[in-house]
Amino acid sequence: NAGVTQTPKFQVLKTGQSMTLQCAQDMNHEYMSWYRQDPGMGLRLIHYSVGAGITDQGEVPNGYNVSRSTTEDFPLRLLSAAPSQTSVYFCASRTDSGVGEQYFGPGTRLTVT
Amino acid sequence: AQTVTQSQPEMSVQEAETVTLSCTYDTSESNYYLFWYKQPPSRQMILVIRQEAYKQQNATENRFSVNFQKAAKSFSLKISDSQLGDTAMYFCAFISPEYGNKLVFGAGTILRVKS
Chain A
992 NAGVTQTPKF
1002 QVLKTGQSMT
1012 LQCAQDMNHE
1022 YMSWYRQDPG
1032 MGLRLIHYSV
1042 GAGITDQGEV
1052 PNGYNVSRST
1062 TEDFPLRLLS
1072 AAPSQTSVYF
1082 CASRTDSGVG
1092 EQYFGPGTRL
1102 TVT
Chain B
9 AQTVTQSQPE
19 MSVQEAETVT
29 LSCTYDTSES
39 NYYLFWYKQP
49 PSRQMILVIR
59 QEAYKQQNAT
69 ENRFSVNFQK
79 AAKSFSLKIS
89 DSQLGDTAMY
99 FCAFISPEYG
109 NKLVFGAGTI
119 LRVKS
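Sequence order for the protein chains is A and B.
Residue numbering for the first sequence is 992 to 1104, as defined by the working numbering.
Residue numbering for the second sequence is 9 to 123, as defined by the working numbering.
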């Protein structure tokens, strides 16, 4: 049982480049989400999904796209990277109950130059 | 909107002593849950303790306990017998079914345990 996995662990992009951060979980969790962590701001919700085929915006969705074609995978796409997207990104999952423990991936440190 | 405030950006404590991290939150909901997460230098997010708002009894997990004051909307974390391994960033977080079960985090408190 690998839990929540994220790839890559580190990435450097140039402004305007695109990329996809991968996230997968093997716990059959319905709820998955993406957060970004910036100094002094805690973790902020980017997008989330309550099940395959269903996604919704969080607090800071601009510049990011998501899709949920399977229960296991929830990739995050940056269409045109900007320096303001330099951050650490966390994927998380939990059961649909809402108040169960949320399991986090190891994070991806993204730098946009 | 639901907000979570951690007013202590950094704290330090001597090994074996007790430290309390503060957290306040703002909500109009009556049904919600509060969490403390630990993020060590490895960056991994680890759930430390959870409190249901409808429970009056404060949650306890070994050396970690909370002081939940619902009327004051306060949720502090007490770490007893601090250990070097407790050095980490600590986040207070809030979730409410009425707010779509979205987890809202505070800005975090860096705790340094000194030997």
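From the three backbone atoms N, C-alpha and C, an ideal C-beta is built for every residue, glycine too.
Just how far apart, CA to CA, sit Phe1081 of chain A and Gly1098 of chain A?
-> 5 angstroms
Identify the continuous beta strand (DSSP E) that holds Lys46 of chain B and give its terminal residues.
-> Tyr41 to Gln47
Using three-state DSSP, classify Gln1008 of chain A as helix, strand or coil.
-> coil
Residues of chain B with CB under 9 angstroms from Tyr1055 of chain A, in chain order?
-> Those within 9 angstroms of Tyr1055 of chain A in chain B number zero; the least Cβ separation is about 16 angstroms.
When you compare only the Cα positions, how much space is there between Thr1062 of chain A and Val1103 of chain A?
-> Their backbone Cα atoms lie some 30 angstroms apart in a straight line.
For chain B, find out if any of its Cβ atoms is closer than 9 angstroms to the Cβ of Gln1002 of chain A; answer yes or no.
-> no
Spatial neighbours of Arg1100 of chain A within its chain, please: CB distance less than 6 angstroms, with the 5 preceding and 5 following residues excluded, ordered by chain position.
-> Phe1001 and Val1079
Since Leu1012 of chain A contacts Gln1028 of chain A with CB under 8 angstroms, what's their CB separation in whole angstroms?
-> Not a contact, Cβ separation roughly 13 angstroms.
In angstroms with no decimal places, state the Cα-to-Cα distance between Gly116 of chain B and Met1032 of chain A.
-> 8 angstroms
Nearest candidate by alpha-carbon position, reference Pro1074 of chain A, set A:Pro999, A:Leu1004 and A:Gly994 = A:Leu1004
Neighbouring residues, chain A, relative to Gln16 of chain B (Cβ below 8 angstroms) = Within chain A, no residue comes near Gln16 of chain B; the closest Cβ sits about 13 angstroms away, beyond 8 angstroms.
Apply the 10 Å Cβ neighbour rule to Lys46 of chain B and answer buried if 16 or more other Cβ atoms are within range, or exposed otherwise.
-> buried
Ser82 of chain B and Leu29 of chain B closer than 9 angstroms at C-beta | no
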